[in-house]
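One structure is given below, encoded as structure tokens.
Numbering (UniProt numbering), first residue to last: 1 to 460.
If you want it as structure tokens, here you go:
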């Protein structure tokens, strides 16, 4: 796979005047015979927080396209007019792409800049609508703030200038059509192959690794077994290498978050306190290890809140996982919890997509279009408040660790659902748009076969 990653730097402001001249001149550049294979994927935000755009880039490369992925290392989003110049510079430097695909949000100033650049260069302009930026701004400023109103006007105006549009749900597709007169293709998020059930041996290796840093993964100090390597969940015979699940092990509950205002983790903490009461009242329930992964602005606030809890049967930890460990942990868990509430009510949590890829049942908080992903009483449960969540935890873990209860049924349903993966979904919905435009740009109808490419790494 050959992908060129361009990481934008903040030290590019002096190029402003020169860049504008180059942009105006770029429309006069000639095209080489392989120009139709060049595609630019633009993320005016942290590439690490945009897995969907990473998947786009990988899919394009898999089909023989030369991909330039433009984005930032870090969470800061460009909104100041002075930052137009660096963006123009990189769009100019990209080898004459017939297609530029831009993520929204963030769309300030990406949509307008990309549209202008695409008109100068005669390229196809695709917007991938993940959400509406103005609704995210409204979480902080309120819906009636003039900044939010300007942002909404901006998104609607420049969103109409795109050549094609992708979006993440049917609900968003209908909203774009009805309110903004924008026609879009629904491209649901789907898990890549790395999200799958984790073999027991690999689970044990991860638990050993996690136990070196986080106490909840370590075995009870009063438990010792000869010739056995122990974790809180598994044990390995050091003579035979055989790995088994520990008798009386706790259930592993997992959630992931960017610790932002659209996820209220006090709901989960209150539900866990209620679960603790169920155990103390004599209900036959397992102890829990609750792992909440991720980083973000409200993490320290919630860590202090967690530390203030005095729970005897529940251990909570908030690790930041290495990228390769996250899917392994999801594939090792017993239940996922999602507290994501869409700011628009029109996007779906990718974390649940990943959990389902690992055949991990989910309890998710209700919002407008969640039913497009979570099927209540089929692959998980939907709750509205902490009381409802606590009752669901009690119900699902009442038969633990047996796989004959609801939790086992949900997992079985996920295994048998024949889930579509990202590659198949992308090939059906996006590739035809790219190939159709590429074919119009040149007499070469199809990209070169992938096996003719030079393989390399994507250093994001």
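Every residue gets a Cβ at the ideal spot worked out from N, C-alpha and C, and that includes glycine.
The model shown is predicted, which means the values in this text are computed figures rather than measured ones.
Distance check between residue 118 and each of 52, 340, 264 and 39 places 39 closest, using alpha-carbon atoms only. Straight-line measurement puts the Cα of residue 102 at about 8 Å from the Cα of residue 125. CA-CA distance, residue 47 to residue 226, rounds to 47 Å. Nearest Cα to residue 189 within the set 433, 434, 203 and 429: 429. The beta carbon of residue 341 is closer than 8 Å to those of 262, 263, 264, 365 and 367 in its chain, skipping five residues each way along the sequence.
Annotation: the continuous beta strand (DSSP E) that includes residue 245 extends over 243-245. By the C-beta density criterion, residue 392 is buried, having at least 16 other C-beta atoms within 10 angstroms.
Look at residue 116 here: in three-state DSSP terms it is helix.
Per DSSP, the beta-bridge partners of residue 124 are 99. The Cβ atoms of residue 129 and residue 60 do not sit closer than 8 Å to each other. Boundaries of the beta strand (DSSP E) harbouring residue 315: 314-317, taken from the DSSP string. For residue 164, the uninterrupted beta strand (DSSP E) run begins and ends at 164-167, by DSSP. Minimum Cα-Cα distance from residue 107 among the listed residues 43, 304 and 349 corresponds to 43. Three or more Cβ pairs closer than 8 Å define a contact, and the region 241-258 meets that threshold against the region 288-295. Between the region 402-414 and the region 347-366 there are three or more C-beta pairs closer than 8 Å, enough to call the two in contact.
Put simply, of 64, 238, 150 and 386 the residue whose alpha carbon is nearest the alpha carbon of residue 274 is 386. In the same chain as residue 321, and ignoring 5 residues on each side of it, the C-beta atoms closer than 6 Å to its own belong to 293, in chain order.
If you look at residue 148, you'll find it isn't in any beta strand (DSSP E); it sits in the alpha helix (DSSP H) that goes 146-159. In this structure, residue 363 keeps its C-beta atom at 8 Å or more from the C-beta atom of residue 352. With a contact defined as Cβ atoms closer than 8 Å, residue 306 and residue 252 miss out at about 17 Å. Boundaries of the alpha helix (DSSP H) harbouring residue 425: 422-429, taken from the DSSP string. Taking a cut-off of 8 Å for Cβ pairs, the region 134-143 and the region 165-179 do not touch, as fewer than three such pairs fall below it. Following the DSSP letters along the chain, one finds residue 140 inside the alpha helix (DSSP H) bounded by residues 133-141.
Rounded to the nearest angstrom, the gap between the Cα atoms of residue 104 and residue 196 is 28 Å. Around the CB of residue 184, 16 or more other CB atoms lie within 10 Å, so the residue is classed as buried. Looking at the backbone, the Cα of residue 236 and that of residue 287 are separated by about 21 Å. By the neighbour-count definition (other C-beta atoms within 10 Å, threshold 16), residue 153 is an exposed residue. Judged by DSSP secondary structure, residue 255 falls within the beta strand (DSSP E) whose first and last residues are 251-256. Looking at the DSSP output, residue 38 sits in a beta bridge with 66.
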